[in-house]
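A.B. asks: Protein chains in written order, with the working numbering: chain A, 6 to 247; chain B, 6 to 247. Ideal Cβ placement from N, Cα and C applies to all residues, glycine included.
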């Protein structure tokens, strides 16, 4: 795994987190080499250097080192950079500024401006999106995946005590846990997530049988792609597919 | 009030609504003529034609008729159109697609993609934003005005029963109320909004004395503009100022 095109990448992740998996799918599809730093989910000392407390974080070095936060910003920024190499990554990232806003419940949330939008000029746009509508469609489905699809994962993965335990067995095996930590995480984590999932189900207005929501979401996606193309992006996957 | 540059505009509004006022400030500053349709806030029959149930709505006719929703989308789309007349307004609007998302509380909300971003090519960008940082700054402060500044208005305007009554006296005078409707709206509305304001105060985590939040917001703005420029936009107001 060596740098390519001057782009040196390090991904801070939990292997089993959906947002991290999305970033890996994107990087792998584009054949970009990157180093992985698996973060310990309890102590998180690997990301202590960062004021941003979540994963994924991508450290990108394209001349000067740069920290990218938020899975969709990472993907939009790197994709823009790959299309238009004469813009600096630093400049590109500045078009996705963090913007605080206060939610309905008075909670502060951080959002990134334009995060599903590639920062292309007209020539690049015509090359990447010969059919204009696809660009807007891609944006909508990327948002759908971040805002809706992911919310179906936890309730489905911790649906029953047995499934919760199986999931945590996998998470502990794949994740970076200490020995004792792993033992506790498996049983306490499975129990906690089984309970929390019920609350998530309610918060996101899911059906009693959460499998149903998942089936419906998948059907919605398949229907949106339609019969006449292989991927949302046509014959090749676009960012909504990845 | 006659069409100009082929752009025929009709604004559906409540005169006293902050988002409508923002759109008027924008249109007036740019010297764009527009017709106003004052909407009756009880029956709202003037906007029955629209599936979008809120104001402001701008009907724009630049060749073909087009309905623009959301005050910030209206401003971004028309501004982009003024800068780049060779793009059709229809095409520009397609870059601000409505996107459903489900809030923390399971409530469906409608957001518009890229809504604080002008859809400019590189040449236009250089002309409008000779200093790059100003573009991102403008975006942030536009969002701040929509998400934070407006939330300070109601609690401040209905802070005490006397102020609530004075506000509704003004609203009823300027708005499009029936005679009987107006009478009831004034007293019932003032009472209701006095009570609702307390809830809003709590929801948005405001200080007990909401005047204080307003002063702080204004100070924050003044400080961000700084001593060396007249407006956020420099010597001329930009969209954050308007």
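For the beta strand (DSSP E) holding residue 212 of chain A, just list the boundary residues, first then last.
C.D. replies: Run containing residue 212 of chain A: none; DSSP gives neither H nor E here.
A.B. asks: Return the CA-CA distance between residue 130 of chain B and residue 19 of chain A, expressed in angstroms with no decimal places.
C.D. replies: 39 Å
A.B. asks: In three-state DSSP terms, what is residue 37 of chain A?
C.D. replies: coil
A.B. asks: Rank A/209, A/241, A/213 and A/33 by C-alpha distance to the C-alpha of residue 156 of chain A and give the top, closest one.
C.D. replies: Selected option, being the one with the closest Cα: A/209.
A.B. asks: Spell out whether any CB of chain A is found under 9 Å from the CB atom of residue 186 of chain B.
C.D. replies: With a threshold of 9 Å between beta carbons, residue 186 of chain B makes no contact with chain A.
A.B. asks: Looking at the secondary structure, which residues open and close the alpha helix (DSSP H) in which residue 185 of chain B lies?
C.D. replies: 184-189
A.B. asks: Do the region 157-170 of chain A and the region 139-157 of chain B make contact, defined as three or more Cβ pairs closer than 8 Å?
C.D. replies: no
A.B. asks: By how many angstroms is the C-alpha of residue 233 of chain A removed from the C-alpha of residue 7 of chain A?
C.D. replies: Note that residue 7 of chain A scores 41 on pLDDT, short of 50, meaning its location in the model is unreliable and no value can be drawn from it.
A.B. asks: Please list, in chain order, all residues of the same chain as residue 35 of chain B whose beta carbon is under 6 Å from its beta carbon, the five residues on each side excluded.
C.D. replies: Excluding five sequence positions before and after residue 35 of chain B, none of the CB atoms of its chain fall closer than 6 Å to its own CB.
A.B. asks: Determine contact between the region 118-125 of chain B and the region 183-193 of chain B, defined as no fewer than three beta-carbon pairs at a distance below 8 Å.
C.D. replies: no
A.B. asks: Between residue 102 of chain A and chain B, is there a C-beta pair that is closer than 9 Å?
C.D. replies: yes
A.B. asks: Could you please tell me which residues of the region 143-160 of chain A, in chain order, have their CB closer than 9 Å to any CB of chain B?
C.D. replies: Along the region 143-160 of chain A, the positions whose C-beta sits under 9 Å from a C-beta of chain B are 144, 145, 148, 149, 151, 152, 153 and 156, read in chain order.
A.B. asks: Could you check the C-alpha separation between residue 216 of chain B and residue 204 of chain A for me, to the nearest Å?
C.D. replies: 37 Å
A.B. asks: Taking 9 Å as the cut-off, decide whether the C-beta atoms of residue 99 of chain A and residue 120 of chain B are in contact.
C.D. replies: no
A.B. asks: Straight-line CA distance for residue 53 of chain B to residue 97 of chain A?
C.D. replies: The C-alpha of residue 53 of chain B lies about 43 Å from the C-alpha of residue 97 of chain A.
A.B. asks: Closest Cβ-Cβ distance between residue 119 of chain A and chain B: below 9 Å?
C.D. replies: Judged by the 9 Å Cβ criterion, residue 119 of chain A is in contact with chain B.
A.B. asks: Which of helix, strand or coil does DSSP assign to residue 158 of chain B?
C.D. replies: helix
A.B. asks: Taking only the alpha-carbon atoms, compute the straight-line gap between residue 2 of chain A and residue 79 of chain A and give it to the nearest angstrom.
C.D. replies: The shown model of chain A, from 6 to 247, leaves out residue 2 of chain A, and the question about it has no answer.
A.B. asks: Should residue 74 of chain B go down as buried or exposed, given a rule of 16 or more other Cβ atoms within 10 Å for buried?
C.D. replies: buried
A.B. asks: Per the DSSP calculation, residue 115 of chain A is bridged to which residue(s)?
C.D. replies: A/105
A.B. asks: Please compile the residues from chain B whose C-beta is within a distance smaller than 8 Å of the C-beta of residue 99 of chain A.
C.D. replies: 137, 138 and 141
A.B. asks: Which residue wins for smallest C-alpha separation from residue 32 of chain B, given the options B/158, B/84, B/227 and B/231?
C.D. replies: B/84
A.B. asks: What's the C-alpha gap between residue 161 of chain A and residue 153 of chain A?
C.D. replies: Their backbone Cα atoms lie some 13 Å apart in a straight line.
A.B. asks: Hey, quick one: how far does the alpha helix (DSSP H) through residue 14 of chain B stretch, first residue to last?
C.D. replies: Segment 13-18 is the beta strand (DSSP E) holding residue 14 of chain B; no alpha helix (DSSP H) there.
A.B. asks: Does the distance from the CB of residue 159 of chain A to the CB of residue 202 of chain A come in under 9 Å?
C.D. replies: yes
A.B. asks: For residue 304 of chain A, which residues from the same chain have a beta carbon less than 6 Å from its beta carbon, with the 5 sequence-adjacent residues on both sides left out?
C.D. replies: A question about residue 304 of chain A goes unanswered here, because the residues of chain A that appear run from 6 up to 247.
A.B. asks: Between the beta-carbon of residue 139 of chain B and the beta-carbon of residue 118 of chain A, is there less than 9 Å?
C.D. replies: no
A.B. asks: Note down, in chain order, all residues in the region 195-222 of chain A with a beta-carbon under 8 Å from any beta-carbon belonging to chain B.
C.D. replies: If the cut-off is 8 Å between Cβ atoms, the region 195-222 of chain A has 207, 208, 209 and 210 near chain B.
A.B. asks: Chain A partners of residue 122 of chain B, CB-CB under 9 Å?
C.D. replies: 100, 118, 119 and 122
A.B. asks: Measure the alpha-carbon distance for residue 214 of chain A versus residue 107 of chain A and round it to whole angstroms.
C.D. replies: 32 Å
A.B. asks: State the DSSP-derived secondary structure class of residue 24 of chain B, mapped to helix, strand or coil.
C.D. replies: helix
A.B. asks: Distance, Cα to Cα, residue 225 of chain B vs residue 41 of chain B?
C.D. replies: 33 Å
A.B. asks: Enumerate in chain order the residues of its own chain whose CB-to-CB distance from residue 55 of chain B is below 7 Å, with the five nearest sequence positions on each side excluded.
C.D. replies: 62 and 72
A.B. asks: What does a CB cutoff of less than 8 Å around residue 230 of chain A pick up in its chain, not counting 5 residues either side in sequence?
C.D. replies: The residues are 236 and 237.
A.B. asks: If I measure Cβ to Cβ from residue 24 of chain A and keep anything under 7 Å in the same chain, skipping five residues before and after, which residues do I get?
C.D. replies: 61 and 76
A.B. asks: Please classify residue 239 of chain B: does DSSP put it in a helix, a strand, or coil?
C.D. replies: strand
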